[in-house]
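Below is one structure; the comments refer to it alone.
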Amino acid sequence: MKKWSLPLGKIFGIEIKIHFTFFLFFIFLTLSGIKDLGIKKGISSAFLILSVFICVLLHEISHSLVGIKYGGKVKNIILLPIGGIAQMEKIPTNPFSELKMAIAGPLTNFILAGILYLIFYPKVVFGKEDFVSQLTTVNVILGTFNLLPAFPMDGGRILRGLLGIKKGYYFATKIAIKVGKIFSIGLILFGLYFHLWLVFIGIFVFIGAISEENIFKAHFALFGLKASQIMVEDFKRIPPENSLLSLFNMSIKSSYEVFVIEKETIYGIIKKKDIPSFLDKFPLNSTVYEICNKNFIVVSPETEVDKFLSHILIGKISWVAVVENGYLKGVIYPESISDAITLIGIYKKRNFL
Ligand code: ZN
């Protein structure tokens, strides 16, 4: 999503971005508005869309500010045609903090609707087609719609917060994700009958629920573990000057999944499964140094997995080098993490639940 977004600037230190599909959506709606309603009404409808997205932005900013207040970290806010997303690097796990953070968004829309209603009273009439009435109505709809308990939408987060107060974070997340999936499927079915837009949102929420579920499973399985407990120790060390051809020959004869490019210093890794695509892309005499994956961080064997897990899961880093006294002891990468999650998840379920 990052690559297709245009940075707009920063508000309260939070980067605001617009996704390119938003521009397409905006141009499409404006042009079809002008075609159907004439230039004057078309432009005023474009102005309405822009105003709605400013309200969406304010909604996301309010989540972010409350999140930051309770120790969360906001990476950026991205505006998409179906709404905004505040991408959080760290979300507060305390149920009361999550509740306040989730409520802040819809509350902002209700407050905006209230302000518009009071300023333009008695001009605002719900269902009327003038600019202020429509903007007020949209804010009421946005606030209400976001309160649906479809995790990871705000209503779903409120549900998790409420459940979390009594039952704890893990149980609450499990239930919230289940309810979220059911609601998103409901939204898709409902949308098929009433409006295609709801289908898009339903699919988006469903994907969101699944990705939250994967992150949740990962944290559940690997919570409290140290890097040394999940690192892969059987890897092959290769000097950086070796060629792609020699690596290819070696990979045929060995059962290693990972080759670490190393000579006094760690340079990067190459995974066995990526070698065929490298053969397509690079000349055979390229050095392994040139093609290896250098996007890694170094941790000690004692580092808790939770410290870097999210970074790997969201793709911020590609792998982790576990180093002790300058010596590489093991590597951790997405595939090794998903193996560990499956194995340890099953073990924990059998023994603790
Ligand atoms: Zn929200």
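Number 247 in my numbering belongs to position 247 of the sequence shown; there are no gaps in the numbering.
Using N, Cα and C, we set each Cβ at its ideal position, and we do this for glycine too.
Keep in mind the model is a prediction, meaning the values are calculated, not measured.
When you compare each of the options to residue i by their alpha carbons, which one comes out closest?
i           : options               : result
residue 234 : 331, 47 and 224       : 331
residue 244 : 327, 181 and 274      : 274
residue 329 : 223, 237 and 52       : 237
residue 74  : 260, 13, 22 and 173   : 13
residue 76  : 61, 280, 214 and 42   : 61
residue 4   : 203, 20 and 181       : 20
residue 96  : 167, 15 and 337       : 167
residue 265 : 152, 347, 114 and 323 : 323
residue 137 : 55, 32 and 7          : 55
residue 63  : 205, 98, 37 and 110   : 98
residue 239 : 230, 292 and 206      : 292
residue 225 : 108, 253, 341 and 304 : 304
In this structure, how does DSSP classify residue i when only helix, strand and coil are distinguished?
i           : result
residue 363 : Nothing about residue 363 can be read from this structure; the chain reaches only from 1 to 353.
residue 303 : coil
residue 255 : coil
residue 128 : coil
residue 240 : coil
residue 54  : helix
residue 44  : helix
residue 202 : helix
residue 353 : Note that residue 353 has pLDDT 48, beneath the 50 cutoff, so the model's placement of it is unreliable and the number below is only indicative. Coil, per DSSP.
residue 262 : strand
residue 250 : helix
residue 231 : coil
residue 7   : strand
residue 101 : helix
residue 225 : coil
residue 193 : helix
residue 23  : helix
residue 341 : helix
residue 296 : strand
residue 333 : coil
residue 143 : helix
residue 161 : helix
residue 327 : strand
residue 347 : helix
residue 137 : helix
Is it buried or exposed for residue i, if we count other Cβ within 10 angstroms and need 16 for buried?
i           : result
residue 353 : Unreliable placement is indicated for residue 353, whose pLDDT of 48 sits below 50; the coordinate value is still reported in the next sentence. By the neighbour-count rule (16 or more Cβ atoms within 10 Å), residue 353 is not buried but exposed.
residue 66  : buried
residue 262 : buried
residue 17  : buried
residue 333 : buried
residue 106 : buried
residue 426 : It is not possible to answer for residue 426, since the shown part of the chain is limited to 1 through 353.
residue 213 : buried
residue 139 : buried
residue 40  : exposed
residue 255 : exposed
residue 129 : exposed
Quick one, are the C-beta atoms of residue i and residue j less than 8 Å apart?
i           : j           : result
residue 148 : residue 112 : no
residue 227 : residue 345 : no
residue 258 : residue 271 : yes
residue 182 : residue 163 : no
residue 337 : residue 314 : no
residue 195 : residue 309 : no
residue 180 : residue 156 : yes
residue 223 : residue 306 : yes
residue 71  : residue 78  : no
residue 29  : residue 49  : yes
residue 197 : residue 269 : no
residue 116 : residue 125 : no
residue 81  : residue 22  : yes
So, under 8 Å CB-CB, residue i and residue j are touching, yes? Tell me the CB distance rounded to an integer number of Å.
i           : j           : result
residue 154 : residue 86  : Not a contact, Cβ separation roughly 11 Å.
residue 119 : residue 151 : Residue 119 to residue 151, Cβ: 35 Å. No contact.
residue 52  : residue 135 : 7 Å
residue 202 : residue 188 : 4 Å
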